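Visitor: In this note's numbering, the protein residues as written are 266 to 453.
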């Protein structure tokens, strides 16, 4: 084999190694997205597990507020059954709205607001919400990096051929996004 043959072989080996590198990077990014979704799922499960205790505590003080309690239970069940980031986000946003109604209802019951169990559940829920927000940020960053990688040249050529698909973000609903973006006004 002459010099030209070695050069051609060298170019083929370099291209093959580069394609393997691209493939391995895409697999690694896809695994990061999957792992970060698992982190969200763990936090959501903790949230879902907390809600029955919260509903039972409120029921002890406000049993006649059946509609609100049923709305929370139905929203929780829908959130537990949801799969995939888009469906999960929609269900979780509905659950958040139902929980807001539940906490608004609690304002009308001073004994409930003073109940240590209720206060602890409320604090636990707040802690879990913060963990969900952190997990969501990490997940969305991982999805953004993965989606950008499978769209960039030359990785797009490998991604198309090997079936790498874009992933969905785990988005806030419009009301929650607006609440986060607009600071409350304080008037003296």
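Don't be surprised by glycine CBs; every beta carbon is placed ideally from N, CA and C. Keep in mind that this is a model prediction, so the values were computed, not measured.
(1) Taking the CB atoms as reference points, tell me whether residue 350 and residue 292 lie closer together than 9 Å.
(2) Among the residues of its own chain, which have a CB less than 8 Å from the CB of residue 284, if the five just before and after it don't count?
(3) To the nearest angstrom, report how far apart residue 357 and residue 273 are at their CA atoms.
(4) So which of 406, 302, 431 has the shortest CA-CA distance to residue 417?
(5) To the nearest angstrom, report how far apart residue 333 and residue 376 are at their CA atoms.
(6) Please return the same chain residues whose Cβ sits closer than 7 Å to the Cβ of residue 327, not counting the five positions on each side in sequence.
(7) Output yes or no for whether 9 Å exceeds the beta carbon distance between residue 330 and residue 323.
(8) So for residue 404, helix, strand or coil by DSSP?
(9) With a threshold of 16 other CB atoms inside 10 Å of the CB of residue 448, please say whether the residue is buried or exposed.
(10) Span of the alpha helix (DSSP H) holding residue 359?
(11) Could you please give the first and the last residue of the uninterrupted alpha helix (DSSP H) stretch that includes residue 374?
(12) Cutting at 8 Å between CB atoms, please list the residues of its own chain near residue 246, excluding the five before and the five after it.
(13) Spell out whether any CB of chain B is found under 9 Å from the CB atom of residue 293.
(14) For the alpha helix (DSSP H) that residue 328 lies in, which residues bound it at each end?
Guide: Quick answer:
(1) As a first step, residue 350 must be located in the chain shown, where it is residue number 85. As a first step, residue 292 must be located in the chain shown, where it is residue number 27. With respect to residue 292, residue 350 sits apart: the two C-beta atoms are not nearer than 9 Å.
(2) As a working mapping, residue 284 is identified with position 19 in the chain shown. Shown here for residue 284: same chain residues with a beta carbon closer than 8 Å to its own, the five before and five after excluded, namely 423 in chain order.
(3) As a first step, residue 357 must be located in the chain shown, where it is residue number 92. As a first step, residue 273 must be located in the chain shown, where it is residue number 8. Going by the C-alpha atoms only, they are around 56 Å apart.
(4) Here residue 417 refers to the residue found at position 152 when the chain shown is read from its first residue. It is 431 whose Cα lies nearest to the Cα of residue 417.
(5) For the purposes of this step, residue 333 is identified with residue 68 of the chain shown, where counting begins at 1. For the purposes of this step, residue 376 is identified with residue 111 of the chain shown, where counting begins at 1. So the alpha carbons of these two residues sit roughly 18 Å apart.
(6) Your numbering for residue 327 matches position 62 in the chain shown. So the list reads 370, 374, 377, once near-sequence residues are dropped.
(7) As a working note, residue 330 is residue 65 in the chain shown. As a working note, residue 323 is residue 58 in the chain shown. A contact, by the Cβ cut-off of 9 Å.
(8) As a first step, residue 404 is located in the chain shown; it is residue number 139 there, counting from the start. If DSSP states are grouped into helix, strand and coil, residue 404 belongs with the helices.
(9) Residue numbering aside, residue 448 sits at position 183 when the chain shown is read from its first letter. Note that residue 448 has pLDDT 40, beneath the 50 cutoff, so the model's placement of it is unreliable and no number is given.
(10) The sequence position of residue 359 within the chain shown is 94, counting from 1. Start and end: 350-371.
(11) Here residue 374 refers to the residue found at position 109 when the chain shown is read from its first residue. Taken as a continuous stretch (DSSP letters only), residue 374 belongs to no alpha helix (DSSP H), as it is neither H nor E.
(12) No information on residue 246 is available, as it lies outside the stretch 266 to 453 that the chain covers here.
(13) Structure shown: chain B not included; a single protein chain is present.
(14) What you label residue 328 is simply residue 63 of the chain shown in a count that begins at 1. That residue, residue 328, is in no alpha helix (DSSP H); it is neither H nor E in DSSP.
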